[in-house]
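The sequence shown stops at residue 203 when you use my numbering, and every number in between is there.
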Amino acid sequence: MTEKKQKTKEEKSKIEKEIVEAQKTKGAKTPEVKKEIKKEETKSRHQDAIRKKKTEVVVKFSNLHISTKHSIAVSKFIKGKTIEGAITDLEKVVSMKKAVPMKGEIPHRKGMMSGRYPKKAAEHFIKILKSLSANANINGIENPIISEAISNFGQRPYGRFGSVRKKRTHVKLIAKEKK
25 MTEKKQKTKE EKSKIEKEIV EAQKTKGAKT PEVKKEIKKE ETKSRHQDAI
75 RKKKTEVVVK FSNLHISTKH SIAVSKFIKG KTIEGAITDL EKVVSMKKAV
125 PMKGEIPHRK GMMSGRYPKK AAEHFIKILK SLSANANING IENPIISEAI
175 SNFGQRPYGR FGSVRKKRTH VKLIAKEKK
């Protein structure tokens with residue numbers, strides 16, 4: 025093992041001598057030029073990282089005071105639509121001209137089998153969709169379509185009385201550019 029170490033040390037010293045001789049023949053300016061080139065390369069890499077375009081936009085709202093059942097139905101209702109189309113449909117829901125389809129023992133509505141008019145959830149979703157469209161405009165996404173609409177149970181607030189159940193819902197919307 026000692027022989028191998030000596031050989032590697034000798035090889036390193038030979039390489040160092042060759043580098044020193046090359047610098048003497050070329051002059052002292054070459055190391056500075058290399059440093060400048062490296063700086064320019066790092067700047068261009070950083071600029072490329074900034075210019076990368078986002079493909080999707082995400083909006084998350086937590087602990088909204090709306091029914092989870094209604095928010096799940098509204099999420100299914102708006103999924104796959106454009107943001108503007110979803111906002112107009114939800115405005116019709118608020119004015120009770122269009123019903124949101126729901127499952128369960130719910131009576132028939134005009135134009136569908138069973139549905140309801142969840143006004144409060146629709147109003148909250150309109151605010152969320154406006155925020156999503158603003159994010160899409162900032163990130164330069166044209167014709168965004170809602171690809172994911174997720175509603176989950178939120179945190180249950182601690183109340184004075186145990187039998188009082190308060191509603192909380194987490195909502196997450198993801199929009200992608202139309203292909």
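Every residue, glycine too, gets a C-beta built ideally from N, C-alpha and C.
N- and C-terminal bounds of the alpha helix (DSSP H) containing Glu-147: 143–163
Grouping DSSP H, G and I as helix and E and B as strand, with all else coil, what is Phe-101? helix
Residues bridged to Ser-175 (per DSSP): Val-195
Just to check my reading of the structure: Asn-176 and Val-81 have Cβ atoms closer than 8 Å, yes? What is that Cβ distance to the nearest angstrom? Not really, about 19 Å apart at Cβ, beyond 8 Å.
Since Ala-160 contacts Ala-123 with CB under 8 Å, what's their CB separation in whole angstroms? In fact, because the Cβ distance is near 28 Å, the residues do not count as touching under 8 Å.
Taking 8 Å as the threshold, find out whether the region 147–157 comes into contact with the region 119–134 through three or more Cβ pairs. no
Assess, as a yes-or-no matter, whether the region 94–104 is touched by the region 178–186 under the definition of 3 or more beta carbon pairs within less than 8 Å. no
Quick one: residues in its chain with C-beta nearer than 7 Å to the C-beta of Leu-156, no 5 flanking neighbours on either side, listed in chain order? Val-81, Val-83, Ile-107, Leu-197, Ala-199
When we look at the beta-carbon of His-132 and count the other beta-carbons within 10 Å, is it buried (16 or more) or exposed? exposed
Could you check what DSSP says for Lys-84 in three-state terms: helix, strand or coil? strand
DSSP three-state assignment for Lys-127, whether helix, strand or coil: coil
Pro-55 - DSSP class collapsed to helix/strand/coil: Residue placement at Pro-55 is flagged as unreliable, the pLDDT there being 49, under the threshold of 50; the coordinate-derived value follows with that caveat. Pro-55 falls in the helix class under three-state DSSP.
Quick one: Cα of Pro-55 to Cα of Gln-47, how far? Reliability of the predicted coordinates at Pro-55 is poor, the pLDDT of 49 falling under 50, and the value obtained from them is presented with this limitation in mind. Roughly 8 Å between the two C-alpha positions.
Keeping to the same chain, check which residues put their C-beta closer than 7 Å to that of Ala-146; ignore five residues upstream and five downstream. Val-98, Leu-114, Val-117, Val-118
Which first and last residues belong to the alpha helix (DSSP H) in which Glu-4 is found? The requested residue 4 does not occur in the structure, where the chain is confined to residues 25 to 203.
Arg-140 bridges to which residues according to DSSP? Val-124
Confirm the yes/no value for this check: CB of Arg-180, any heavy atom of the ligand ADP, distance under 7 Å. The ligand ADP is not part of the structure shown, which contains no ligands of any sort.
Whole angstroms is fine: what's the gap from Lys-127's alpha carbon to Pro-168's? 28 Å
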